[in-house]
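Letter by letter, the sequence shown follows residues 452 to 886 of the numbering used here.
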Amino acid sequence: MTTNKELSADDGAAPPSATGTATSAVVPANGSFGDIVRGWARRVRHGESGMAPVLVGLVIIIVIFQVKAPQFLSAGNLTNLIIQGAALILLGMAEVFVLLLGEIDLSIGYVGGVASVVTVALSSSNVGPDWPWWISIIAGLAAGALMTGIQGLLITRLGLPSFVVTLAGMLGLQGVLIYLVDHIGGSSGGTLRITNSVIFNLVNGNLDPLAGWIIMIVAVALYVVLLFRRNLRRRASNLTAEPLALTTVKAIAIAIAGVVLVLICNANRGSSIIALRGVPWVVPIIVAVLALWTFLLTRTRYGKYVYAIGGNAEAARRAGINLNRIRLIAFIFGGVTAALAGMVYGSFLGSVSNNIDGGKLVLYAVAAAVIGGTSLFGGRGKMVHALVGGIIVAVINNGMGLIGLDAPPQLMVTALVLLAAVIVDAVARRGRTET
Numbered sequence: 452m453t454t455n456k457e458l459s460a461d462d463g464a465a466p467p468s469a470t471g472t473a474t475s476a477v478v479p480a481n482g483s484f485g486d487i488v489r490g491w492a493r494r495v496r497h498g499e500s501g502m503a504p505v506l507v508g509l510v511i512i513i514v515i516f517q518v519k520a521p522q523f524l525s526a527g528n529l530t531n532l533i534i535q536g537a538a539l540i541l542l543g544m545a546e547v548f549v550l551l552l553g554e555i556d557l558s559i560g561y562v563g564g565v566a567s568v569v570t571v572a573l574s575s576s577n578v579g580p581d582w583p584w585w586i587s588i589i590a591g592l593a594a595g596a597l598m599t600g601i602q603g604l605l606i607t608r609l610g611l612p613s614f615v616v617t618l619a620g621m622l623g624l625q626g627v628l629i630y631l632v633d634h635i636g637g638s639s640g641g642t643l644r645i646t647n648s649v650i651f652n653l654v655n656g657n658l659d660p661l662a663g664w665i666i667m668i669v670a671v672a673l674y675v676v677l678l679f680r681r682n683l684r685r686r687a688s689n690l691t692a693e694p695l696a697l698t699t700v701k702a703i704a705i706a707i708a709g710v711v712l713v714l715i716c717n718a719n720r721g722s723s724i725i726a727l728r729g730v731p732w733v734v735p736i737i738v739a740v741l742a743l744w745t746f747l748l749t750r751t752r753y754g755k756y757v758y759a760i761g762g763n764a765e766a767a768r769r770a771g772i773n774l775n776r777i778r779l780i781a782f783i784f785g786g787v788t789a790a791l792a793g794m795v796y797g798s799f800l801g802s803v804s805n806n807i808d809g810g811k812l813v814l815y816a817v818a819a820a821v822i823g824g825t826s827l828f829g830g831r832g833k834m835v836h837a838l839v840g841g842i843i844v845a846v847i848n849n850g851m852g853l854i855g856l857d858a859p860p861q862l863m864v865t866a867l868v869l870l871a872a873v874i875v876d877a878v879a880r881r882g883r884t885e886t
């Protein structure tokens, strides 16, 4: 039987999958790239293909859109694509928390909407008390935690299905959103305009080009140091670890990605008269959230318990894990992330209105998480999956808009991509079960 000690975080453990095995294979410290390839081939046969198919699919989609619309890979469009997909990526991260447990939260779209109303209203000099931006944001995050926390209590204490509880939450919070906007907005016609410059610039603001380089260098350096530190500590403890050559390749790849991102964002996407340069504020926000939640899920005892419950709830219960507490906290973390996503979405629009389609947003959030590689069945997934899946959905919407296709084909193509991801997930789950 698994014990609490065995489920605690260690320096290099990968998150367990639905069967309790590591989702990312390791090879002996003296292994070669051949060992890595053979290990990857074994995982594919067992239904663990990782993110490779997702990344290949993303590259294919990008190539198709670039051929159809040569401006697709322009600096201006790529930066706009990041901005357009920011809220969806954050909502996808919120959904990953509950999907890892084999649950679902259909309310996060309107959780984000209501939280953004709270933030915008409190920071407004027209309809609110004109609180400082940071207090208003904290209040919005707290509102998100409260909304999903109440639903989490109903699910854990009363044993109600998360689908039903969060569906009720989605409907109820839609009503709350409409009521708040109509009554706070007054004569603005169901729209609450953002007046605080900091909240408005969450998406619309840009870092100074030099600041973008500094933040990127610091972030990449920190990631590389932690990457090598983890590898070396595992070797010092006589644990399995990937070859240092592979760790070096990963470090180089993330450094190249960071440089390319800053180069794209720092290119002038305005005009010769009015230049527009710099990394959007929302980019470091997403990176910070991704790093925080990834650390929580992979490097803490709580994260190990989340994967254990998602993989086998009964085994986790017998190991002494408090299932209700872990689930409740997951819903709360999801609510906080959804609240931030709502603020980002409001910043993107410049206002919060009573016609926000929270139902569509949550479906896109689930799609982003699943397309990126998170399992609908629990126990398998990472925060980075929401990032990759959100980018894929944003690429589809952006690219199809550039080639002149409107909403109907965009929805149909996204549906096909989601269906393909679910099929891959189901096949992978069957492969793990059979082995």
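Cβ coordinates follow ideal geometry from the N, Cα and C atoms, glycine included.
Taking the alpha-carbon of residue i as reference, which of the options has the nearest alpha-carbon?
| i | options | result |
| --- | --- | --- |
| Ile807 | Leu838, Leu870, Gly626 | Gly626 |
| Gly608 | Gly809, Ser798, Asn775, Ser804 | This sequence places Arg at residue 608; Gly is not what is there. Taking only the C-alpha atoms, the option nearest Arg608 is Asn775. |
| Asn717 | Leu748, Gly663, Ile736, Lys701 | Gly663 |
| Ser798 | Leu605, Ser648, Leu573 | Ser648 |
| Leu643 | Ile777, Trp582, Asn577 | Asn577 |
| Leu783 | Leu597, Ile666, Ser574 | In the sequence on display, residue 783 carries Ile and not Leu. It is Leu597 whose Cα lies nearest to the Cα of Ile783. |
| Thr865 | Ala877, Gly855, Val878, Met851 | Met851 |
| Ala537 | Asn773, Leu741, Val878 | Leu741 |
| Leu690 | Ile555, Arg681, Leu697 | Arg681 |
| Ile606 | Thr698, Val711, Lys519, Arg778 | Arg778 |
| Ala520 | Val868, Leu856, Ile874 | Leu856 |
| Ile892 | Val711, Thr698, Leu747 | What the structure shows of the chain is the stretch from 452 to 886, and residue 892 is not part of that stretch, so it cannot be assessed. |
| Ile854 | Met502, Val507, Asn528, Ala503 | Asn528 |
| Pro735 | Trp582, Ile666, Ala877 | Ile666 |
| Ala503 | His836, Gly610, Val616 | His836 |
| Leu611 | Leu661, Val568, Glu554, Asp633 | Glu554 |
Taking DSSP's pairing of strands, which residues face residue i in a bridge?
| i | result |
| --- | --- |
| Val803 | Leu643 |
| Pro731 | Asn657 |
Cβ atoms of residue j and residue i: under 9 Å apart, would you say?
| i | j | result |
| --- | --- | --- |
| Val505 | Gly840 | yes |
| Ala858 | Gly543 | no |
| Ala739 | Ala545 | no |
| Gly762 | Gly832 | no |
| Tyr753 | Ala767 | no |
| Thr599 | Ser558 | yes |
| Ile540 | Ala845 | yes |
| Ile631 | Val565 | Position check: residue 631 holds Leu in this sequence, whereas Ile was assumed. Closer than 9 Å, so yes. |
| Gln899 | Leu524 | Nothing about residue 899 can be read from this structure; the chain reaches only from 452 to 886. |
| Gln602 | Ser613 | yes |
| Leu683 | Lys701 | no |
| Tyr796 | Leu814 | no |
| Arg898 | Ala696 | Since the displayed the chain opens at 452 and closes at 886, residue 898 lies outside it and no answer follows. |
| Ile842 | Val868 | no |
| Trp744 | Thr699 | no |
| Val713 | Ile533 | no |
| Leu838 | Ile737 | yes |
| Arg748 | Tyr758 | With the sequence shown as reference, residue 748 is identified as Leu, and Arg is not the correct amino acid for it. Yes. Within cutoff. |
| Ser567 | Ala790 | yes |
Our contact map puts residue i next to residue j with C-beta atoms below 8 Å; I'd like the distance itself, whole angstroms only.
| i | j | result |
| --- | --- | --- |
| Leu827 | Leu550 | 7 Å |
| Phe548 | Ala781 | 4 Å |
| Thr570 | Ile650 | 6 Å |
| Leu932 | Val562 | Because the chain here runs from 452 to 886, residue 932 falls outside it and cannot be looked at. |
| Leu645 | Ser802 | The amino acid occupying residue 645 in the given sequence is Ile; Leu does not appear at that position. Sure, about 6 Å apart at Cβ, within 8 Å. |
| Leu653 | Met834 | At roughly 20 Å, the Cβ-Cβ gap does not stay under 8 Å, so Leu653 and Met834 are not in contact. |
| Val671 | Ile705 | 6 Å |
| Ile847 | Ile512 | 7 Å |
| Gly560 | Gly721 | Contact doesn't hold; Cβ gap of about 32 Å is too wide. |
| Val526 | Ile724 | Here residue 526 is Ala; the residue named in the question, Val, does not match the sequence. Contact doesn't hold; Cβ gap of about 18 Å is too wide. |
| Asp633 | Gly641 | 6 Å |
| Trp585 | Leu573 | Going by Cβ atoms, the distance from Trp585 to Leu573 rounds to 11 Å, so no, they are not a contact pair. |
Is residue i a contact residue of the ligand ATP, with contact defined as CB to any heavy atom under 8 Å?
| i | result |
| --- | --- |
| Ala739 | Absence of the ligand ATP is noted for the structure shown, with no ligands found whatsoever. |
Worksheet item: Counting Cβ pairs, one atom from each stretch, are 3 or more of them under 8 Å apart for the region 591 to 600 and the region 812 to 827?
Response: no
Worksheet item: Do the region 719 to 739 and the region 651 to 667 meet, that is, are 3 or more Cβ pairs less than 8 Å apart?
Response: yes
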